[in-house]
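Colleague: Starting off with a structure, shown below.
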Amino acid sequence: MKTLKSHVLQVSLVLTGVLALGFMDKSLVSLAIYSVAILLGAMIIAWAAEASEVVISQGLALAIVAWLQVFPEFMIEATIAWSKDVPNMLANFTGANRILTGVGWPLVFFVTMFFHHKKTGKFIKEIQLENEHSAEIVFFMVATIYSIWIYMQGKLTIFDAFVMISIYVTYLYFVSKLPHLSRKKSEKMVMGIPKKIISLKKQYIKPVILVCFLIGGFLIYFTADRFYNEALALATTLGVSQFLFIQWVAPFLSEFPEKTSAFYWASKVTQAPMALMNLISSKLTQWTMLMAMIPIVYSISVGHIAFIPLTTEVTNTTSTTGMELLLTIGSSLYASVFLLKLRFMWFEAASLFLLWLVQFIWVDSREIITWLYFILAACELIVFRKEIHKAFSGFKTIFHSHVKTIPSSS
10 MKTLKSHVLQ VSLVLTGVLA LGFMDKSLVS LAIYSVAILL GAMIIAWAAE
60 ASEVVISQGL ALAIVAWLQV FPEFMIEATI AWSKDVPNML ANFTGANRIL
110 TGVGWPLVFF VTMFFHHKKT GKFIKEIQLE NEHSAEIVFF MVATIYSIWI
160 YMQGKLTIFD AFVMISIYVT YLYFVSKLPH LSRKKSEKMV MGIPKKIISL
210 KKQYIKPVIL VCFLIGGFLI YFTADRFYNE ALALATTLGV SQFLFIQWVA
260 PFLSEFPEKT SAFYWASKVT QAPMALMNLI SSKLTQWTML MAMIPIVYSI
310 SVGHIAFIPL TTEVTNTTST TGMELLLTIG SSLYASVFLL KLRFMWFEAA
360 SLFLLWLVQF IWVDSREIIT WLYFILAACE LIVFRKEIHK AFSGFKTIFH
410 SHVKTIPSSS
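Take the sequence shown: its letter number 182 is residue 191 in our numbering, and every next letter is one higher.
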């Protein structure tokens with residue numbers, strides 16, 4: 010309890026410093042502090058979310074926790090949309106999605122591979138997923154396929170937002186019916202601050218979790234706008250694309266804390282499927298709800314129903330927001346296709362990371378990388394054509410076993 014109090018004191022001091030900076034002149038130092046505040050807020054939310062996943066057992070509750078884990082990205086995206094910054098509106102969204110699949114998923118695999126080799130002297134070639142994981146995979150694919158229509162119509166509309174929300178709500182209903190026995194996290198899987206939280210007396214655990222969510226949300230809410238404005242100013246000063254700066258810096262800060270827990274579970278080897286599914290669940294939440302939020306917040310900000318055009322040019326590059334979305338669709342399609350066989354293989358992890366690294370370093374290569382994703386997805390469908398039915402079969406099984414209501418006989 011004493012250690013927990015010391016952490017609370019440290020958080021309070023940082024929070025006070027952040028608020029004080031709000032009255033100071035803009036500077037590189039203030040951007041650094043705002044970045045720390047975003048990182049700290051995301052970390053506190055990640056601690057609370059991880060502790061919640063031990064306390065809460067129902068599938069629907071776990072899905073809500075997954076939504077809370079991506080709350081930092083939502084706040085930053087809402088700030089950009091509210092500012093009516095159309096050129097940069099898809100920056101955080103596309104960056105968050107591509108970092109998750111291009112960096113997060115491969116790292117889970119390679120962390121698992123490293124620790125498996127350390128324990129057994131052998132390298133693993135794949136991570137096997139369970140039948141019940143088919144829910145996330147199928148809904149992820151449905152959302153990805155619909156996003157192709159968004160790209161083809163050249164704009165992101167309120168209607169698209171409601172479709173994405175419908176996909177996510179249907180997913181929530183679906184997983185609320187599952188027993189989630191294999192997804193329930195045990196106390197042995199928790200480390201650091203979350204472990205200290207769940208070690209408190211029973212009557213204190215949920216209030217402390219709630220306070221953590223409130224403090225983390227407060228930090229991000231009151232610093233997101235300042236961070237965004239300072240980031241734009243710094244990008245202009247450095248002569249780099251504001252879009253690319255927001256695309257990579259903001260998602261890295263907001264997603265890093267959550268991923269550390271997934272990497273810890275991956276290090277246990279046997280918990281690798283849960284670590285991977287944690288990130289896939291986050292990806293589904295971003296791909297549906299984060300995208301849906303953009304035209305909704307923008308329309309409220311401008312005072313009428315509006316859409317986001319995908320033809321806006323990305324500064325200092327040959328890309329457009331439409332191409333950035335198509336690149337994100339390509340990476341998501343490739344990822345969703347290879348997951349259909351309920352196996353995540355070493356060369357898929359390597360290809361995800363290498364393609365992300367190339368597009369990150371050489372921005373002008375993004376059009377080529379986009380088509381490579383689509384080609385790889387087609388190759389997966391051909392090479393593993395006898396296995397891609399597994400996710401659909403698993404989905405059908407769990408639908409009939411847990412979701413479909415069977416009328417009682419009279």
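Cβ atoms here follow ideal geometry from the backbone N, Cα and C, with glycine treated the same way.
(1) Among the candidates 231, 218, 233 and 328, whose CA atom is the shortest distance from the CA of residue 64?
(2) Alpha helix (DSSP H) containing residue 137: first to last residue?
(3) Tell me which residues share the same chain as residue 140 and place their Cβ nearer than 7 Å to its Cβ, disregarding the 5 neighbours each side in the sequence.
(4) Which word fits residue 380, buried or exposed, when buried means at least 16 other C-beta atoms lie within 10 angstroms of its C-beta?
(5) Residue range of the alpha helix (DSSP H) that residue 354 falls in?
(6) Considering only the beta carbon of each residue, do residue 231 and residue 44 sit closer than 9 Å?
(7) What residue does the alpha helix (DSSP H) around residue 243 start on, and which one ends it?
(8) Out of curiosity, what's the CA-to-CA distance linking residue 348 and residue 105?
(9) Quick one: grab the DSSP three-state call for residue 121.
(10) So residue 363 packs on residue 344, CB below 8 Å; how close in whole Å?
(11) If you scan the region 123-189 from start to end, which runs of the alpha helix (DSSP H) of 4 or more residues do you find wholly inside it?
(12) Would you check if the distance between the CB atom of residue 3 and the CB atom of residue 143 is smaller than 9 Å?
(13) Helix, strand or coil: how does DSSP classify residue 317 here?
(14) Around the C-beta of residue 103, are 16 or more other C-beta atoms found within 10 angstroms, so that it is buried, or is it exposed?
(15) Looking at residue 276: is its Cβ nearer than 9 Å to the Cβ of residue 324?
(16) Name, in chain order, the residues that DSSP records as bridge partners for residue 329.
(17) Exposed or buried, residue 392, counting other C-beta atoms within 10 Å across all chains shown (16 or more means buried)?
(18) Whose C-alpha, out of 388, 302, 109 and 145, is nearest the C-alpha of residue 356?
(19) When you compare each of 60, 153 and 92 to residue 297 by their alpha carbons, which one comes out closest?
(20) From residue 220 to residue 383, what does the alpha carbon distance come to, in whole angstroms?
(21) Using the Cα positions of residue 303 and residue 42, report the straight-line distance between them to the nearest angstrom.
(22) Tell me which residue opens and which closes the alpha helix (DSSP H) that residue 390 is part of.
(23) Please find out if some non-hydrogen atom of the ligand FAD comes closer than 8 Å to the beta-carbon of residue 395.
(24) What is the DSSP secondary structure of residue 371, reduced to helix, strand or coil?
(25) Let me check understanding here. Comparing Cα to Cα, which of 129, 241, 92 and 109 lies closest to residue 294?
(26) Measure the C-alpha to C-alpha separation of residue 145 and residue 55 and round it to an integer number of angstroms.
(27) Taking all protein chains shown into account, do 16 or more other C-beta atoms lie within 10 angstroms of the C-beta of residue 9, making it buried, or fewer, making it exposed?
(28) Could you give the first and the last residue of the continuous alpha helix (DSSP H) run that contains residue 308?
(29) Does DSSP put residue 277 in a helix, in a strand, or in coil?
(30) How about residue 351: is its C-beta nearer than 9 Å to some C-beta of chain B?
(31) Determine the closest residue to residue 229 out of 263, 254 and 331, with distance taken between C-alpha atoms.
(32) For residue 411 versus residue 186, is the C-beta spacing smaller than 9 Å?
(33) Measuring CB atoms only, is the region 151-171 touching the region 281-289, in the sense that at least three cross pairs come out at less than 8 Å?
(34) Roughly how many whole angstroms lie between the Cα atoms of residue 305 and residue 123?
(35) Using 8 Å for Cβ pairs, my map puts residue 53 next to residue 259. What's the rounded Cβ distance?
(36) Using a Cβ-Cβ cutoff of less than 7 Å, which residues in the same chain neighbour residue 127 once the five nearest sequence positions on both sides are dropped?
Modeller: On the basis of the data shown:
(1) 218
(2) Per DSSP, residue 137 belongs to no alpha helix (DSSP H); it is in the beta strand (DSSP E), 135-137.
(3) 403, 406 and 407
(4) exposed
(5) Segment 352-354 is the beta strand (DSSP E) holding residue 354; no alpha helix (DSSP H) there.
(6) no
(7) 211-247
(8) 20 Å
(9) helix
(10) In fact, because the Cβ distance is near 14 Å, the residues do not count as touching under 8 Å.
(11) 143-162 and 167-185
(12) For the chain, the structure presents residues 10 to 419; residue 3 sits outside this window and is missing.
(13) strand
(14) buried
(15) no
(16) 322
(17) exposed
(18) 388
(19) 153
(20) 44 Å
(21) 26 Å
(22) 375-392
(23) In the structure shown, the ligand FAD is absent, as is every other ligand, since no ligand is present at all.
(24) coil
(25) 109
(26) 21 Å
(27) Examination of residue 9 is not possible in this model, given that the chain is present from 10 through 419 alone.
(28) 300-311
(29) coil
(30) Absent from the structure is chain B; it holds one protein chain and no more.
(31) 263
(32) yes
(33) no
(34) 43 Å
(35) Rounded, the Cβ-Cβ distance is 17 Å, inconsistent with contact.
(36) none
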